[in-house]
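S.K.:
In the working numbering, the protein residues as written are 499 to 898.
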């Protein structure tokens with residue numbers, strides 16, 4: 499059975515050893531905390547993170563090194579727009595050390611807060627108990643984590659004295675999120691935090707099928723937040739019915755992604771819209787039965803990209819579609835034109851080129867006289883539809 503990516507093996511072995519000793523009656527929690535410090539990585543705001551297992555010789559940290567708890571506020575909690583609500587329900591996917599839920603509890607003052615946390619690794623749940631708390635609210639999450647360990651026979655001593663307030667309910671699911679999602683109620687959550695490892699490391703939690711499940715369980719006005727800006731993830735969100743816009747850039751060159759069933763924000767940049775709509779980079783990850791492993795999912799997408807490239811969609815090389823309606827850079831002009839002409843676009847100012855990108859403009863530039871579209875999702879889907887018509891040689895309007 500496929501096992502989701504988690505922290506590195508040395509940390510897993512260390513935590514399992516201490517859990518076993520505790521279950522045998524030894525109170526070794528403080529010793530375990532000291533030993534775990536060898537693996538903790540201090541981030542710029544003073545909070546700590548942990549490294550993942552290595553894949554292809556590389557690992558990544560569970561949070562940005564620019565500030566783990568700050569990222570929780572800036573990329574997950576604040577963009578969710580949960581202020582001034584009396585009762586909120588949140589799904590925290592890949593809850594890890596518990597920072598996102600802790601930041602939520604600290605930032606939001608509501609009559610009732612229900613949090614469903616999904617974390618596949620019991621060792622990471624234990625690490626959440628052992629790691630130094632970056633904010634006082636994190637001790638509430640620690641208490642919920644500790645209670646889960648006690649209830650499941652993985653720990654023996656209750657060491658966290660902080661009580662969970664009466665207005666806060668936390669339920670923890672320790673399993674692959676793909677197993678949990680189908681059992682959750684439709685239209686239930688006000689917000690979803692999607693905080694898996696990066697798409698190349700954990701593509702199973704960014705597939706079209708997974709996004710369809712997220713769109714099923716979120717409320718019509720709910721908001722999904724994630725730190726990633728990856729094109730296949732955004733493409734999957736769009737195909738699953740989400741509207742999307744760019745989130746805060748904290749700790750990264752590009753902002754994360756905010757998604758909702760309702761139109762939201764200013765949308766994406768024109769360049770990002772074109773790359774998703776018109777090139778093979780906009781092919782989403784797919785996992786038809788919500789059970790495939792990382793390698794199979796990645797292989798499937800690579801195969802699909804090869805099939806559509808230069809046949810149904812433009813190649814992503816040289817960022818070809820961003821030059822539609824623009825002058826070509828002299829250095830790559832010949833190659834970009836070659837990419838365009840393979841799919842029936844004569845040059846960057848041809849009637850075909852202008853017809854495809856017209857939906858992005860506040861006024862018609864191609865003679866189609868169609869209504870203007872107000873969201874990135876609508877523009878991306880319409881540009882993709884127009885590219886298909888050009889490829890098939892269908893008649894298109896003449897330019898003004």
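Even for Gly, the Cβ is constructed at its ideal location relative to N, Cα and C.
Rounded to a whole number of angstroms, what is the C-alpha to C-alpha distance between residue 881 and residue 871?
M.R.: Looking up residue 881 in the chain shown gives position 383. Looking up residue 871 in the chain shown gives position 373. Their Cα atoms are separated by approximately 11 Å.
S.K.: Using 10 angstroms around the beta-carbon of residue 500, count the other beta-carbons present and answer buried if the total reaches 16, otherwise exposed.
M.R.: Taking the chain shown and counting its residues from 1, the one referred to as residue 500 is at position 2. Residue 500 is exposed by the Cβ-count criterion.
S.K.: State buried or exposed for residue 844, treating a residue as buried only when at least 16 other CB atoms are found within 10 Å of its CB.
M.R.: In the chain shown, residue 844 corresponds to position 346, counting from 1. It counts as exposed.
S.K.: In three-state terms, what does DSSP make of residue 577?
M.R.: Taking the first residue of the chain shown as position 1, residue 577 is located at position 79. Here residue 577 sits in helix by DSSP.
S.K.: Look up residue 687 in the DSSP assignment and give the residues it is bridged to.
M.R.: Counting from one through the chain shown, the residue named residue 687 turns up at place 189. Looking at the DSSP assignment, residue 687 forms a beta bridge with 716.
S.K.: Leaving out five residues on either side along the sequence, give the residues of the same chain with a beta carbon under 6 Å from the beta carbon of residue 898.
M.R.: Numbered from 1 along the chain shown, position 400 holds the residue referred to as residue 898. Confidence in residue 898 is poor, its pLDDT being 49 and thus under 50, which makes the residue's placement unreliable; the coordinate value appears in the next sentence. For residue 898, where only same-chain residues beyond five positions count, the Cβ hits under 6 Å are 865.
S.K.: Which residues bound the beta strand (DSSP E) around residue 757?
M.R.: Within the chain shown, residue 757 is the residue found at index 259, counting from 1. Element bounds for residue 757: 755 to 758.
S.K.: Tell me the residue span of the alpha helix (DSSP H) that contains residue 636.
M.R.: Translated into positions along the chain shown, residue 636 becomes position 138. Note, residue 636: alpha helix (DSSP H), 636 to 649.
S.K.: Which same chain residues end up closer than 6 Å to residue 772 when comparing Cβ atoms and leaving out the 5 residues on each side of it in sequence?
M.R.: Within the chain shown, residue 772 is the residue found at index 274, counting from 1. Taken in chain order, the residues that qualify are 819, 820.
S.K.: Who are the Cβ neighbours of residue 546 in its own chain at under 7 Å, not counting the five residues just before and after it?
M.R.: As a first step, residue 546 is located in the chain shown; it is residue number 48 there, counting from the start. Within the same chain, residue 546 has close Cβ partners 538, 539, 540, 566, 629, 630.
S.K.: Classify residue 858 as buried or exposed, calling it buried when 16 or more other Cβ atoms lie within 10 Å of its own Cβ.
M.R.: As a working note, residue 858 is residue 360 in the chain shown. By the neighbour-count rule (16 or more Cβ atoms within 10 Å), residue 858 is buried.
S.K.: Would you tell me roughly how many angstroms separate the C-alpha atoms of residue 513 and residue 652, rounded to the nearest one?
M.R.: Translated into the one-based positions of the chain shown, residue 513 becomes position 15. Translated into the one-based positions of the chain shown, residue 652 becomes position 154. Approximately 11 Å, taken between the alpha carbons.
S.K.: Evaluate contact between the stretch 649 to 667 and the stretch 553 to 563, counting only Cβ atoms and requiring at least three cross-stretch pairs below 8 Å.
M.R.: Not touching, per the Cβ criterion.
S.K.: Among 594, 839, 718, 768, which one has its Cα closest to the Cα of residue 691?
M.R.: One-based indexing of the chain shown puts residue 691 at position 193. Measuring from the Cα of residue 691, the nearest candidate turns out to be 594.
S.K.: Name, in chain order, the residues that DSSP records as bridge partners for residue 540.
M.R.: The sequence position of residue 540 within the chain shown is 42, counting from 1. In DSSP, residue 540 forms a bridge with 546.
S.K.: Whole angstroms is fine: what's the gap from residue 731's alpha carbon to residue 522's?
M.R.: As a position in the chain shown, residue 731 is number 233, starting the count at 1. As a position in the chain shown, residue 522 is number 24, starting the count at 1. Spanning the two alpha carbons is a distance of roughly 45 Å.
S.K.: Would the C-beta of residue 697 count as close to the ligand NAD, meaning under 7 Å from any of its heavy atoms?
M.R.: Of the ligands one can find in the structure shown there are none, so the ligand NAD has no counterpart to examine.
S.K.: Once DSSP output is grouped into helix, strand and coil, what is the label at residue 707?
M.R.: In the chain shown, residue 707 corresponds to position 209, counting from 1. Reduced to three states, the DSSP call for residue 707 is helix.
S.K.: Measure the C-alpha to C-alpha separation of residue 833 and residue 825 and round it to an integer number of angstroms.
M.R.: Counting from 1 along the chain shown, the entry for residue 833 is found at position 335. Counting from 1 along the chain shown, the entry for residue 825 is found at position 327. Those two C-alpha atoms are separated by around 14 Å.
S.K.: Which partner residues of residue 743 appear in the DSSP bridge assignment?
M.R.: In the chain shown, the residue the question calls residue 743 occupies position 245. According to DSSP, residue 743 bridges with 756.
S.K.: By DSSP, does residue 582 sit in helix, in strand, or in coil?
M.R.: As a working mapping, residue 582 is identified with position 84 in the chain shown. Of the three classes helix, strand and coil, the one that applies to residue 582 here is coil, per DSSP.
S.K.: By how many angstroms is the C-alpha of residue 745 removed from the C-alpha of residue 608?
M.R.: Taking the chain shown and counting its residues from 1, the one referred to as residue 608 is at position 110. Taking the chain shown and counting its residues from 1, the one referred to as residue 745 is at position 247. Rounded to the nearest angstrom, the two C-alpha atoms are 24 Å apart.
S.K.: Are there three or more Cβ pairs, one per stretch, closer than 8 Å when the stretch 606 to 625 is compared with the stretch 504 to 520?
M.R.: A contact exists between the stretch 606 to 625 and the stretch 504 to 520.
S.K.: When burial is assigned at 16 or more other CB atoms within 10 Å of the CB, is residue 884 buried or exposed?
M.R.: Start at 1 with the first residue of the chain shown, and residue 884 comes out as number 386. Classification of residue 884: buried, given that the 10 Å Cβ count is 16 or more.
S.K.: Put residue 668 into one of helix, strand or coil per three-state DSSP.
M.R.: Locating residue 668 in the chain shown gives position 170, where the first residue counts as 1. Looking at residue 668 - three-state DSSP - the assignment turns out to be strand.
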